[in-house]
Structure formats: structure tokens, C-alpha cells
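In the numbering used here, the protein residues as written are 63 to 205.
Here it is as C-alpha cells:
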């Protein structure tokens, strides 16, 4: 299935055992964004978190991680084939211009991709941005 086709989306990359705690902080911030957006998440807007460690982050671990962060409906935590995830990561722009840093999973980007495939409108924002401000970015970019 094409999860983006015709939909507005908020996308980030993460993994459940993030060493510096950044993934957990971003996920908590996005959970606050989800609350800010209310029932539009799962209806007008969909949220996707893609693991960068598909061999470690099993579907069960991702479900537990989502539960720890009080994730509601309309937000999926995704895993898959490592090569496919790498392709998606690059195509969505979750890359560091420094190839050495880009190759180090612990240095992954902390931004979120916000957009609407049908309208061809996309932007990125720091994942730690105030959830209320992120909601205004979502509304101006995709709705």
C-alpha cells in the first residue's frame, strides 16, 4: 500500500534503543503534536515513524515503544527490509550532507517531514519544535 497517496503526513525516522535519548524526546514531542492536532490524525493527517534498525526493532518492540509514548490512532510505527528503509530515508531527505555522519546511525537527523503527496507540498521542521508551532506548520503546509 502507498501510505502517502492522497494523504497528508508527518514522518520521522527513529529507533527504539536510541543511545542519546533523542528518539524518545522527539517521539514524546510528536505525541504532544498528535494531541494538539486531535481527531484529524487518522482522518486528515497520518503520522509515520520509520525505524532505522529493522533487524532490532521488531513489530512487538515498536508497539511497546508506541504504548510507552501514549501514541494514539492514526500514527503507525513502521519497519521493513533494511534496503527499502534506506531508500525511503534517502528519498524523503533524512540524510546528512556529511557522508561519514550519515553512515553513523547514532547521528541520524532529528527532523520531521511534513507534507501532502496529492498537493506536492512538503517541508521539514526540527522534531523538537514546540508542538503548537509544529501544528501551525502542518496546517499551513498540508491542509
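Glycine included, C-beta positions come from ideal geometry on N, C-alpha and C.
All figures in this text were calculated on a predicted structure; none of them were measured in a lab.
{"Item": "Pull up the DSSP beta-bridge partners for residue 178, would you.", "Value": "70, 183"}
{"Item": "Only counting runs of 4 or more residues, tell me where the alpha helix (DSSP H) segments fall wholly within the region 92 to 168, in order along the chain.", "Value": "121 to 130, 144 to 153, 161 to 165"}
{"Item": "When you compare the region 135 to 148 with the region 164 to 174, are there three or more beta-carbon pairs, one atom per stretch, that lie closer than 8 Å?", "Value": "no"}
{"Item": "Apply the 10 Å Cβ neighbour rule to residue 158 and answer buried if 16 or more other Cβ atoms are within range, or exposed otherwise.", "Value": "exposed"}
{"Item": "Does the distance from the C-beta atom of residue 96 to that of residue 137 stay below 9 Å?", "Value": "yes"}
{"Item": "Measure the alpha-carbon distance for residue 98 versus residue 118 and round it to whole angstroms.", "Value": "31 Å"}
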